[in-house]
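Protein chains in written order, with my numbering: chain A, 872 to 981; chain B, 119 to 229.
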C-alpha cells in the first residue's frame, strides 16, 4: 500500500518555465489537496478537490492550476514559474477526518 | 480571518523531560487534528479530537481539546529523541472540511 505518491521529489526550474507535479493515491479517497510549505508561513492550501472532475481554490491559488481527471490522481500545474513559487509542495488525500500526505516535492525556481 | 497560534515556536529539551505545546484560536472548531512532521517528509496524523474537553492518549503523548473547542494542547511525558519533529495543529474549517494548519512547534529532544 503506497498511500500518497508525489513525483518528482526535486526539481529546478528557470523563471517562465512550466511544469506539472503529479500526486497519486491508492486509498480510494474522495478528497485531495495541494499545499505549499514555506519557512515561517506554515502549510498553505493552494487548491483542493472533493471528487473526480471537481476542483476548487484554496488560500493561495494564483499562478497554479489543477486537474482531477481520475479519482486517484491530482495534478498541480505551474504555467509560468516565478521565484516566489520556490517552495516544498505537499499533496494530501482524505476520506473523513485524517489527511494522508505525500513526502513532498522540493521546487526551486531560479 | 481566524487566527491560529501555536506556542512555543521552538523547544529544545533533554531526553526524559516533559513538555507541553499549545494551539490557540479565536474561533470555535468542530474538530482538531495534530500532526508530526519529520525533516524531508510529509506530516503524519497523530490524533483527531472532536468533543470539547476530550482527552486522548497515544503512548507518552496526551492530547486535550479545550472545553470551548478553541484551543488544544499536546503533552509529552519523558521525551525521547524520536519525538523530535515539527508538531502541527490543524483545526477543521468550512463546509468542505478543509484543514488550516498552524505554523507549528519545532521540537528537538537531545540525548
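For each residue, glycine too, the CB sits at the ideal point set by N, CA and C.
Item	Value
When Cβ atoms are compared, which residues of the stretch 942-974 of chain A fall closer than 7 Å to chain B?	961, 968, 969, 970, 972, 973, 974
Quick check: the stretch 964-976 of chain A against the stretch 192-206 of chain B, are at least 3 beta-carbon pairs closer than 8 Å?	no
Indicate whether the contact test is met: 3 or more Cβ pairs, each with one atom in the stretch 214-224 of chain B and one in the stretch 162-171 of chain B, closer than 8 Å.	no
Would you verify that the beta carbon of residue 200 of chain B is, or is not, closer than 8 Å to some beta carbon of chain A?	no
What residues match up with residue 209 of chain B in a beta bridge as DSSP calls it?	B/150
What distance in whole Å lies between the Cβ atoms of residue 217 of chain B and residue 970 of chain A, which are believed to be in contact at a cut-off of 8 Å?	6 Å
Entirely within the stretch 900-936 of chain A and at least 4 residues each: give me those alpha helix (DSSP H) ranges in chain order.	none
Within a Cβ cutoff of 7 Å, which residues of the same chain sit near residue 119 of chain B, ignoring the five residues on either side of it in sequence?	Low local confidence applies: a pLDDT of 49 at residue 119 of chain B is under 50, so the model's placement there is unreliable, and no value is given.
Taking DSSP as the reference, what is the three-state secondary structure of residue 992 of chain A?	Past the boundaries of the shown model lies residue 992 of chain A; chain A is included only from 872 to 981, so the question cannot be answered.
Rounded to whole angstroms, what is the Cα-Cα separation between residue 210 of chain B and residue 191 of chain B?	16 Å
Could you tell me the boundaries of the beta strand (DSSP E) in which residue 136 of chain B lies?	Neither: residue 136 of chain B is in no beta strand (DSSP E) and is coded neither H nor E.
Going by alpha carbons, who is nearest to residue 920 of chain A out of A/881, A/929, A/891?	A/929
Which residue spans inside the stretch 165-199 of chain B form an unbroken beta strand (DSSP E) run of at least 3?	173-176, 179-183, 189-194
Here's the rule: buried if 16 or more other CB atoms are within 10 angstroms of the residue's CB, otherwise exposed. What is residue 181 of chain B?	buried
Residue 885 of chain A: which of A/914, A/943, A/873, A/954 sits nearest, CA to CA?	A/954
Would you kindly work out how many angstroms separate the C-alpha atoms of residue 186 of chain B and residue 197 of chain B, rounded to a whole number?	28 Å
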